[in-house]
Amino acid sequence: MSSAGDDHGVLMDLGKERPQVPARARNMSPIVPRASIAGRALVAVVAIMTFLASVTTGVVLLVNASATEWQSEVASEITIQVRPVAGRDIERDVTAVANAMREQPGILDVRPYTREESGKLLEPWLGSGLSLDDLPVPRMIVARAAPGTRLDVEGLRSHVTQLVPSASVDDHRAWIDRMRSMTGATVFAGIGILALVIIATIISVSFATRGAMAANRPIVEVLHFVGAGDRYIANRFLRHFLRLGLEGGVIGCVAAMLMFGFSESIANWFSGTPVGDQFAALLGTFSLRPSGYLVLAAQTILIAAITGWASRRTLFATLDDID
Amino acid sequence: MVRFENVGLRYGLGPEILRDLSFHIPAHSFQFLTGPSGAGKTSLLRLLFLSLRPTRGLVNLFGHDVSLLGKDAIADLRTRIGIVLQDFRLLDHMTTYENVALPFRVMGRDESTYRREVIDLLKWVGLGERMDALPPILSGGEKQRAAIARAVIARPHLLLADEPTGNVDPTLGRRLLRLFIELNKSGTAVIIATHDITLMDQYDARRLVLHQGRLHIYE
């Protein structure tokens, strides 16, 4: 258009009639008024979606952290069971195995359970006050390895069984594998829920964008009249949707962070009580690490970006229809 | 500048509204487009503004075959065309000043470069005291003048006006016609669609008469 201005002279010369420029006449109004977009509903939807996404991610992070902690604790333990066999002295067998374990490199501590302690382990099933003298109660030996030590479990197993044929070595591999698959399933479910939340967000934003475009169709047409391209028009709307997405995202994320902080406080209040201890044993201290909070913040930015992207996509599709 | 060759237009499967239109609008020219109601004046203006595509024939605008143009190119061409529609199409949430300044704003120009020009034009069309008013409180005539000011502010190469004096008194009508003539003298080709014989009699210009979908030209 500037070329038009170059070809032509001044449109008119008012001479002495030239007015004083009034102070108020300025471009103050946004081209697309914010009030014309159903903002509150969209902010609420994005806030709820972000909250759900943040809670899902937080719980997945908690479960993952607790499972890793369990695994490392369990993986550093080896349990040897010595079964009583006719013709062998079980006390001597236990001592021999315990001594052999102590000689293994990387073993920090070996604790053989006494006959009484082994009996107590059976109390939940057999009840108290029962004489175990006549029962072939196996004896347990728990060895704790230094963290990060890679033990040669097969070599250890053959060494122990050579010493005491009735002994068996358990490195809890089956248990750890089961833990791994449970954690994997939790993470997988979390990703599934996140995907659903993101899809629902995209659909909600697309509907809101279409509604806003329909409500502002006269503005779009006038902008076309004055030579605005689709990109220019889309950007006028996009600013609003990005801001709405960020507003909703921040509200949802802060609510989720407060929830995690509050849950941590509750877990601390209940620590020492049977319920609190059970809960802590299962899910740890229910506290997100600082990196967890960072993940939630990054996720909020991602949801705001998705809001912007979904809005932009719908804007261009709708502009195609209007034109 | 504008060339139509055997252009036809129909809406959907209906009859042809415009038939075999062939004409040329030279640069710096001035013409009235007239004809009875329903003759297709507004449709022809919409074809010229590229908001409709012809059903058949060739439309060449500023040296471009419009059937080959993409959306961005059409938007670019529209910046060289000013249009005044019967229903004004002012944005109700913007002041008169902001409505008139809109083409400059869309071009991305800094407000300080065009502020005085917008205010001068508003004063000239008699809206100097209504710059901060919103369209809903403007009278029909004021809206029309604001719409005209918006169409001419960027000094387009081609100005299309659909019944631009329909809502104003004869005095203001003459004033607006003077504005169009001034604009034409400064290099803009002008096409005014009107029923107003008095208006057409005030200025000796080429007349394009639409009748039953066909165009008759009186030089």
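Chains B and A, in that order, give the protein sequences. Heads up, the final residue of the first sequence is numbered 323 in my numbering, and it's a clean run with no missing numbers. Heads up, the final residue of the second sequence is numbered 542 in my numbering, and it's a clean run with no missing numbers. For every residue, glycine included, the Cβ atom is placed at its ideal position computed from N, Cα and C. Since the structure is predicted, the reported quantities are computational estimates derived from the model, not experimental observations.
### Beta-carbon contacts of V325/A that lie in its chain and below 6 Å, excluding the five residues immediately before and after
Reading the second sequence from its first residue, position 2 is the one you call residue 325/A. These residues qualify, in order along the chain: I348 and L384.
### Query
In chain A, which residues lie less than 7 Å from F188/B when you measure between Cβ atoms?
One-based indexing of the first sequence puts residue 188/B at position 188. By Cβ distance, chain A contributes nothing, its closest Cβ being about 44 Å from F188/B, past 7 Å.
### Query
Between A214/B, V59/B and V275/B, which lies nearest to F188/B when the distance is taken from Cα to Cα?
Position 188 of the first sequence, counted from the first residue, corresponds to residue 188/B. It is V59/B whose Cα lies nearest to the Cα of F188/B.
### Message
Rounding to the nearest angstrom, what Cα-Cα distance links R83/B and D89/B in this structure?
### Response
If you number the first sequence from 1, residue 83/B lands on position 83. If you number the first sequence from 1, residue 89/B lands on position 89. Taking the straight line from one Cα to the other gives about 11 Å.
### Task
Anything in chain B within Cβ reach of E465/A, meaning under 7 Å, just list it in chain order.
Numbered from its first residue, the second sequence carries residue 465/A at position 142. Within chain B, no residue comes near E465/A; the closest Cβ sits about 15 Å away, beyond 7 Å.
### Task
Can you tell me which of E452/A, A484/A, G337/A and Y420/A puts its alpha carbon nearest to the alpha carbon of Y437/A?
Locating residue 437/A in the second sequence gives position 114, counting from the first residue. Measuring from the Cα of Y437/A, the nearest candidate turns out to be Y420/A.
### Message
So the candidates are F355/A, L341/A and S390/A; which of them puts its Cα closest to the Cα of L500/A?
### Response
Here residue 500/A refers to the residue found at position 177 when the second sequence is read from its first residue. Of the candidates F355/A, L341/A and S390/A, the one whose C-alpha sits nearest the C-alpha of L500/A is F355/A.
### Query
Are the C-beta of L425/A and some C-beta of chain B separated by less than 8 Å?
To locate residue 425/A, count along the second sequence from 1; it is residue 102. With 8 Å as the cut-off, L425/A counts as an interface residue toward chain B.
### Task
Find the residues of chain A that neighbour D230/B, judging by a C-beta separation of less than 8 Å, and give them in chain order.
Translated into the one-based positions of the first sequence, residue 230/B becomes position 230. By Cβ distance, chain A contributes K394, D395 and A398.
### Task
Below 8 Å CB to CB, which residues in the same chain sit around I340/A once its five sequence neighbours on both sides are set aside?
Looking up residue 340/A in the second sequence gives position 17. Within the same chain, I340/A has close Cβ partners L332, R333, Y334, G363, S366 and G536.
### Message
Taking 8 Å as the threshold (C-beta atoms), are A472/A and L450/A in contact?
### Response
For this step, residue 450/A is matched to residue 127 along the second sequence. For this step, residue 472/A is matched to residue 149 along the second sequence. Against a cut-off of 8 Å, the Cβ pair of A472/A and L450/A comes out as a contact.
### Query
Comparing alpha-carbon positions, which option in V448/A, R428/A and H539/A lies nearest M417/A?
On the second sequence, position 94 is the one that residue 417/A refers to. Selected option, being the one with the closest Cα: R428/A.
### Task
Closer than 6 Å by C-beta to G276/B: which residues in its own chain qualify, once you throw out the five before and the five after it? Chain order, please.
Here residue 276/B refers to the residue found at position 276 of the first sequence. Closer than 6 Å at the Cβ level, and outside the excluded window around G276/B, lie F270.
### Message
In this structure, how does DSSP classify D133/B when only helix, strand and coil are distinguished?
### Response
Position 133 of the first sequence, counted from the first residue, corresponds to residue 133/B. Coil.
### Task
Would you tell me roughly how many angstroms separate the C-alpha atoms of M292/B and L61/B, rounded to the nearest one?
As a working note, residue 292/B is residue 292 in the first sequence. As a working note, residue 61/B is residue 61 in the first sequence. One point to set straight first is that residue 292/B is Gly, not Met, in the sequence displayed. Spanning the two alpha carbons is a distance of roughly 7 Å.
### Query
To the nearest whole angstrom, what separates the beta carbons of G261/B and M49/B, a pair I think is in contact under 8 Å?
Residue numbering aside, residue 261/B sits at position 261 when the first sequence is read from its first letter. Residue numbering aside, residue 49/B sits at position 49 when the first sequence is read from its first letter. Incorrect: roughly 21 Å between the Cβ atoms, too far for contact.
### Message
By alpha-carbon positions, which one of Q278/B, D321/B, H240/B and S287/B ends up nearest to A304/B?
### Response
As a working mapping, residue 304/B is identified with position 304 in the first sequence. Ranking Q278/B, D321/B, H240/B and S287/B by Cα distance to A304/B puts H240/B first.
### Task
Give the residues from the stretch 405 to 424 of chain A that approach chain B closer than 9 Å (Cβ to any Cβ), ordered along the chain.
G405, I406, L408, R412, L413, L414, D415, H416, M417, T418, T419, Y420, E421, N422 and A424
### CA-to-CA distance, A47/B to I266/B, given in whole angstroms
Here residue 266/B corresponds to residue number 266 of the first sequence, with the count starting at 1. Here residue 47/B corresponds to residue number 47 of the first sequence, with the count starting at 1. The alpha-carbon atoms of I266/B and A47/B are separated by roughly 24 Å.
### Message
Any beta carbon of chain B sitting closer than 8 Å to that of R401/A?
### Response
To locate residue 401/A, count along the second sequence from 1; it is residue 78. Yes, because at least one Cβ of chain B sits closer than 8 Å to the Cβ of R401/A.
### Task
State the DSSP-derived secondary structure class of A484/A, mapped to helix, strand or coil.
Reading the second sequence from its first residue, position 161 is the one you call residue 484/A. Note: A484/A maps to strand in three-state DSSP.
### Query
Mind pulling the chain B residues with CB within less than 7 Å of V429/A?
Within the second sequence, the letter at position 106 stands for residue 429/A. Simply L223, V226, G227, A228 and Y232.
### Message
Three or more C-beta pairs under 8 Å: does that hold for the stretch 299 to 317 of chain B against the stretch 227 to 235 of chain B?
### Response
yes
### Query
What do you get for P124/B, buried or exposed, if any count of 16 or more other CB atoms within 10 angstroms of its CB means buried?
Here residue 124/B corresponds to residue number 124 of the first sequence, with the count starting at 1. Counting Cβ neighbours within 10 Å, P124/B comes out exposed, since fewer than 16 surround it.
### Query
Just the Cα atoms here: how many angstroms apart are T98/B and L122/B?
Residue mapping note: residue 98/B aligns to position 98 of the first sequence, counting from 1. Residue mapping note: residue 122/B aligns to position 122 of the first sequence, counting from 1. In the sequence on display, residue 98/B carries Ala and not Thr. When rounded, the distance between both Cα atoms is 22 Å.
### Task
Answer with yes or no whether the minimum CB distance from I37/B to chain A is below 8 Å.
Counting from 1 along the first sequence, the entry for residue 37/B is found at position 37. Not an interface residue.
### Query
Using 8 Å as the limit for Cβ to Cβ distance, is P290/B near chain A?
Along the first sequence, one-based indexing puts residue 290/B at 290. No, P290/B lies away from the interface with chain A (no Cβ there is under 8 Å from its Cβ).
### DSSP state of L62/B mapped onto helix, strand, coil
Reading the first sequence from its first residue, position 62 is the one you call residue 62/B. Looking at L62/B - three-state DSSP - the assignment turns out to be helix.
### Query
Does E339/A have its Cβ less than 8 Å from a Cβ in chain B?
As a first step, residue 339/A must be located in the second sequence, where it is residue number 16. By this cut-off, E339/A is not an interface position.
### Query
Looking only at its own chain, which residues have a Cβ that is under 7 Å from the Cβ of A96/B, when we skip the five neighbours before and after it?
Along the first sequence, read from residue 1 onward, the residue named residue 96/B stands at position 96. Within the same chain, A96/B has close Cβ partners L163 and V164.
### Distance between beta carbons of I406/A and A474/A, contact taken as under 8 Å
Indexing the second sequence from 1 puts residue 474/A at position 151. Indexing the second sequence from 1 puts residue 406/A at position 83. About 6 Å; that satisfies the 8 Å criterion.
### Query
On the premise that L538/A lies in contact with L344/A, defined as a C-beta separation below 8 Å, what is that separation, rounded to the nearest angstrom?
Counted from its first residue, the second sequence places residue 344/A at position 21. Counted from its first residue, the second sequence places residue 538/A at position 215. Indeed, because the Cβ distance is near 5 Å, the residues count as touching under 8 Å.
#### Entry: Interface partners of E434/A on chain B, CB under 9 Å
In the second sequence, residue 434/A corresponds to position 111, counting from 1. Going along chain B in sequence order, the residues near E434/A (Cβ under 9 Å) are R26 and N27.
### Query
Among the residues of its own chain, which have a CB less than 6 Å from the CB of Q409/A, if the five just before and after it don't count?
For the purposes of this step, residue 409/A is taken as the residue at position 86 of the second sequence. Result list for Q409/A: D485 and E486, in chain order.
### Query
What do you get for P218/B, buried or exposed, if any count of 16 or more other CB atoms within 10 angstroms of its CB means buried?
For this step, residue 218/B is matched to residue 218 along the first sequence. P218/B comes out exposed.
### Task
Counting only the same chain and skipping the five closest in sequence on each side, list residues whose C-beta sits under 6 Å from that of V250/B.
Numbered from 1 along the first sequence, position 250 holds the residue referred to as residue 250/B. So no residue of the chain qualifies.
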